[in-house]
Each structure stands twice: as structure tokens, then as C-alpha cells.
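Chemist: Before I ask anything, let me first share the structure, which is written out below as C-alpha cells.
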Amino acid sequence: MEDGFLDAHRNIAASWEGMRHANIVKTGEGRFCIIVEWESMEALAASRPQMIATLDSFRESLEDLGGGLGVTDPVAGPVVLSLK
Numbered sequence: 001m002e003d004g005f006l007d008a009h010r011n012i013a014a015s016w017e018g019m020r021h022a023n024i025v026k027t028g029e030g031r032f033c034i035i036v037e038w039e040s041m042e043a044l045a046a047s048r049p050q051m052i053a054t055l056d057s058f059r060e061s062l063e064d065l066g067g068g069l070g071v072t073d074p075v076a077g078p079v080v081l082s083l084k
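For the sequence shown, position 11 matches number 11 in the UniProt record's numbering, and the numbering has no gaps at all.
What follows is the structure in C-alpha cells.
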């Protein structure tokens, strides 16, 4: 699962238009958090189809998170504090 997940994200810069930067953080065994900086909230919204296509490329390898979440728990919002 881990290799498929990481492989699916190696070339996202080419398809996720408006993405400035992305980090993938391993938060546990088989668990990851993706933090993406976008040009704007509009750019994020416009890239949703490409993000879903990336997810669909490895969706079958993911485990349901439970609690009605499905296989992902997406959130978005503005930066409220930026540090070096």
C-alpha cells in the first residue's frame, strides 16, 4: 500500500494545477497526511477532479477509516500562521 500511495503522488505537480508545494507526512503505519500549498482556494477547487483521479489510482488499497469517513478525511483552509 505504501509504495502505491507514494508512487501515485510522485508526479502530482504536473496534474494538480495551481499547486505551489506539497509535503507527505507519515503519521503512522500505513497512514499519511498530505499538506499542499495552493495558489488560491479557487485553484484547489479546480484541481479536485485531478486529486480524485490520483486517489482512484490506489483507492482499492486503502482501509476505511470508520465513523462514516470512508478512506480519506480531507480538510482545507487558509494559512493562519506561517513560520520559517
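For each residue, glycine too, the CB sits at the ideal point set by N, CA and C.
Small disclaimer: the values here were computed from a predicted structure and weren't measured.
Roughly how many angstroms lie between the CA atoms of SER57 and HIS9, to the nearest whole one?
Modeler: One C-alpha to the other measures close to 10 Å.
Chemist: Here's the rule I'm using: 16 or more other beta-carbon atoms within 10 Å means buried, otherwise exposed. How should SER47 be labelled?
Modeler: With 16 or more other Cβ atoms within 10 Å, it is buried.
Chemist: Identify whether ALA22 lies in helix, strand or coil by the three-state DSSP scheme.
Modeler: Strand at ALA22.
Chemist: Consult DSSP for GLY67 and reduce its assignment to one of helix, strand or coil.
Modeler: Coil, per DSSP.
Chemist: Can you list the alpha helix (DSSP H) stretches of 4 or more residues lying completely in the segment 24-64, in chain order?
Modeler: Runs found: 41-46 and 48-56.
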